[in-house]
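Trainee: Chains as they are written, first to last, in my numbering: chain A, 4 to 209; chain B, 4 to 209.
There are 2 protein chains.
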Amino acid sequence: MTDSEHKPARGRPRTMSPRKVLDVAMTAYWHADDAGVSVNSICRMADISKPSLYREFGNEDGLMRAALDHYIEHILPGVFGVFSNGTTFRQTMDALVDYACTHPTTECGCLFYKMRAVRHRLGPRTRERVDEITTRSRAFFAEFLQSRRKAGDWTSPVSRELAARYLVDQIGFALMQRASGDDPDEVRDTLKLALSALDGPQDPQP
Amino acid sequence: MTDSEHKPARGRPRTMSPRKVLDVAMTAYWHADDAGVSVNSICRMADISKPSLYREFGNEDGLMRAALDHYIEHILPGVFGVFSNGTTFRQTMDALVDYACTHPTTECGCLFYKMRAVRHRLGPRTRERVDEITTRSRAFFAEFLQSRRKAGDWTSPVSRELAARYLVDQIGFALMQRASGDDPDEVRDTLKLALSALDGPQDPQP
DNA sequence: GAATTTTTATACCGATCGGTATAAATATTG
DNA sequence: CAATATTTATACCGATCGGTATAAAAATTC
Numbered sequence: 004m005t006d007s008e009h010k011p012a013r014g015r016p017r018t019m020s021p022r023k024v025l026d027v028a029m030t031a032y033w034h035a036d037d038a039g040v041s042v043n044s045i046c047r048m049a050d051i052s053k054p055s056l057y058r059e060f061g062n063e064d065g066l067m068r069a070a071l072d073h074y075i076e077h078i079l080p081g082v083f084g085v086f087s088n089g090t091t092f093r094q095t096m097d098a099l100v101d102y103a104c105t106h107p108t109t110e111c112g113c114l115f116y117k118m119r120a121v122r123h124r125l126g127p128r129t130r131e132r133v134d135e136i137t138t139r140s141r142a143f144f145a146e147f148l149q150s151r152r153k154a155g156d157w158t159s160p161v162s163r164e165l166a167a168r169y170l171v172d173q174i175g176f177a178l179m180q181r182a183s184g185d186d187p188d189e190v191r192d193t194l195k196l197a198l199s200a201l202d203g204p205q206d207p208q209p
Numbered sequence: 004m005t006d007s008e009h010k011p012a013r014g015r016p017r018t019m020s021p022r023k024v025l026d027v028a029m030t031a032y033w034h035a036d037d038a039g040v041s042v043n044s045i046c047r048m049a050d051i052s053k054p055s056l057y058r059e060f061g062n063e064d065g066l067m068r069a070a071l072d073h074y075i076e077h078i079l080p081g082v083f084g085v086f087s088n089g090t091t092f093r094q095t096m097d098a099l100v101d102y103a104c105t106h107p108t109t110e111c112g113c114l115f116y117k118m119r120a121v122r123h124r125l126g127p128r129t130r131e132r133v134d135e136i137t138t139r140s141r142a143f144f145a146e147f148l149q150s151r152r153k154a155g156d157w158t159s160p161v162s163r164e165l166a167a168r169y170l171v172d173q174i175g176f177a178l179m180q181r182a183s184g185d186d187p188d189e190v191r192d193t194l195k196l197a198l199s200a201l202d203g204p205q206d207p208q209p
C-alpha cells in the first residue's frame, strides 16, 4: 500500500528506497529504548533528506503507519507457527510463552504493543491501524479458543471473548516487560502464572 | 525532605510556595494524558517563574522526584484501608479490584505506575525512587501474603515472592489501562481473571 | 541543445525544550 | 539612608522538534 511504485519515466532518478527507509524506521521505532525516535534521526539513519521522506510518507503519522504495516507484513508472520493445527491449548500456550519470553525476535518487545502503549500520542492514521490490529488480534485468539473448546482441550468456563482479550493483553504485557529489559525468567514466571488463569477447572498444573 | 523550609531572615520574601508547586506538578504528571508535561508548563500552571522552580528543585529530575514523594506521602495512604487486619485474602483481593477499577482516585491511574512505565526516560534520582517504591511494594505484598497463608485463607502453591511481584504488576497493569481510558468493566474483568491465578486449588470461583 | 519533469540537497521556519545569566524588587541589618 | 541578602521577573541560550521553501541536479522529451 506504499502506492508510489510508479516508475517516474523521466526526471531525476531517485536515490531513496522506500523499502530501506521502512526497514530503518521500523527497526528504530521497534528497538528504541524510549520515545526518542524523531523524523530527523530516521533521516540521518537512512541517509536520506527530509523532503524525500516527506514526499514519500506525507508526515510523521504516515511514516509510523507505514512502518507498522511493514512490521505486520514482514515480522509478525513468524509468530503464527505457534498456532499449528494439531497442538493442544496447553501446548500452544507453552509455545506462546516460549516465543514471547525467549525468542530473539521479541528481545526488544513488539512494535505493535509498543505503539499501542503510547496510543494516545500517535497520529490519527497510525492510531487507527493500531486499533485495527487490536481488533484482529482479539478475533484471531477468539477463533483459536473456539476451535480448542470444540476440540475439548480448553475447558475453562471463561468466555472466549474475555479470554481472547486477556491473552492479547497479557502477552502484550510480557512483551513490554521484555522490552524494558526485565529479567526474562521473571517475565516468564509472570506470564505463565497469568495464563494459568485460563486453565480448565480440573487440569493439573505442571 | 524538601529541606528548604529555612526562614530566610532577610531578603525579598518568596511568593512561591513549594507545597503549591508540588500539588500542581503532582497533579500534572499524574493526570497528563501523555508525556507532554514540561517544566515550562508546570511553571505556567503554578504561576511561578522558572528560576524559582529551579532554585527549589534543582532540575526536572528533582522536581519529578519531589512530586513522586508528594504523591506517596499524600495520596497513597488512602489505599491501605484495603488491608485491614481481619479481612480474608479473597476479600482483600476483591477490595483491591474495586479500588483499582472504580475508585475515583484511580480514574487517571497511579503516578507511581505511570512513572514506572517510562522508567528508562526518568532522571537518575526519580528512577532511583521508583525502584525503591517497587521494592517496598513487593515487600509489602509479600508480607501480606505470608500473613494470609499463616491465617490459612491463602492456599495457593505459588511462592509468595512470585505472587507479590504478580500482584504489583497486575494491579499496575489495570491502573495503566484505566489511565488509558479503557472501559472500567473490561479492566475489572481482566484484573479479576488475572488475580484468580492466585486462588487456592479447590477454592470455588464466585 | 533546449525545454520539461522529477528528485535531490540545503537551508530555513516557528515552536518548544531544559536550563541560566542578569538585574530589578523587596526585605533585614547597620 | 546605605549596605547587604535573597527572591523575583525577564529575557536569553543552544538544541531539537515537525515541516517546508527554494533551487540545483539529473533524467527524458522535443
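Backbone N, C-alpha and C define an ideal beta-carbon position, used for all residues, glycine too. Remember, predicted model here, so these are calculated numbers, not experimental data.
Hey, does Asp36 of chain A have any beta-carbon neighbour from chain B nearer than 8 Å?
Mentor: yes
Trainee: Mapping the DSSP letters down to three states, classify Arg13 of chain A as helix, strand or coil.
Mentor: coil
Trainee: List, in chain order, every chain B residue whose beta-carbon is nearer than 7 Å to that of Ser199 of chain A.
Mentor: Ala200
Trainee: Which of helix, strand or coil does DSSP assign to Gly84 of chain A?
Mentor: helix
Trainee: Give me the Cα-Cα distance between Ser7 of chain B and Tyr116 of chain B, rounded to the nearest whole angstrom.
Mentor: Bear in mind that a pLDDT of 42 at Ser7 of chain B, under 50, signals an unreliable position, so the number given afterwards is only what the model happens to contain. The straight-line gap from Cα to Cα measures roughly 28 Å.
Trainee: Cα separation between Met4 of chain B and Ala103 of chain A?
Mentor: Because Met4 of chain B carries a pLDDT of 37, less than 50, the predicted location of this residue cannot be relied on, and the following value inherits that uncertainty. Each residue's Cα considered, the two are about 42 Å apart.
Trainee: Return no unless some Cβ of chain A is closer than 8 Å to the Cβ of His123 of chain B.
Mentor: yes
Trainee: Measuring straight from C-alpha to C-alpha, what distance separates Leu109 of chain A and Val100 of chain A?
Mentor: It should be pointed out that residue 109 of chain A corresponds to Thr in this sequence rather than to Leu. Roughly 11 Å separates the two Cα atoms.
Trainee: Mind pulling the chain A residues with CB within less than 8 Å of Glu189 of chain B?
Mentor: Those within 8 Å of Glu189 of chain B in chain A are Arg168.
Trainee: What residues of chain B sit near Asp172 of chain A, judged by a beta carbon separation below 7 Å?
Mentor: Thr193
Trainee: With three or more C-beta pairs closer than 8 Å as the rule, is the stretch 129-146 of chain B touching the stretch 153-160 of chain A?
Mentor: Contact between the stretch 153-160 of chain A and the stretch 129-146 of chain B is absent: fewer than 3 CB-CB pairs across the two stretches fall below 8 Å.
Trainee: Would you please state the rounded distance, in angstroms, between the beta carbons of Met29 of chain B and Tyr57 of chain B? I believe it to be under 8 Å.
Mentor: With a Cβ gap of about 18 Å, Met29 of chain B and Tyr57 of chain B do not count as contacting.
Trainee: Could you check what DSSP says for Thr5 of chain A in three-state terms: helix, strand or coil?
Mentor: Confidence in Thr5 of chain A is poor, its pLDDT being 37 and thus under 50, which makes the residue's placement unreliable; the coordinate value appears in the next sentence. If DSSP states are grouped into helix, strand and coil, Thr5 of chain A belongs with coil.
Trainee: Please compile the residues from chain B whose C-beta is within a distance smaller than 8 Å of the C-beta of Val161 of chain A.
Mentor: Leu196
Trainee: Contact criterion: CB-CB distance below 8 Å. Does Glu115 of chain B meet it with respect to chain A?
Mentor: One point to set straight first is that residue 115 of chain B is Phe, not Glu, in the sequence displayed. Not an interface residue.
Trainee: Which residue marks the beginning of the alpha helix (DSSP H) containing Met19 of chain A, and which one marks its end?
Mentor: Taken as a continuous stretch (DSSP letters only), Met19 of chain A belongs to no alpha helix (DSSP H), as it is neither H nor E.
Trainee: Name the residue from B:Ala12, B:His34, B:Arg151 and B:Thr129 whose alpha carbon lies nearest to the alpha carbon of Gly65 of chain B.
Mentor: B:Thr129
Trainee: To the nearest angstrom, how far is it from the Cα of Gly203 of chain A to the Cα of Phe92 of chain A?
Mentor: 10 Å
Trainee: Please list, in chain order, all residues of the same chain as Ser44 of chain A whose beta carbon is under 8 Å from its beta carbon, the five residues on each side excluded.
Mentor: Ala31
Trainee: Give a yes or no on contact between the stretch 78-88 of chain B and the stretch 169-185 of chain B, applying the rule of three or more CB pairs nearer than 8 Å.
Mentor: Taking a contact to require three or more Cβ pairs closer than 8 Å, the stretch 78-88 of chain B and the stretch 169-185 of chain B do not qualify as touching.
Trainee: In three-state terms, what does DSSP make of Glu110 of chain A?
Mentor: coil
Trainee: Count the other CB atoms, across all protein chains shown, that sit within 10 Å of the CB of Arg17 of chain B; report buried if there are 16 or more and exposed otherwise.
Mentor: exposed
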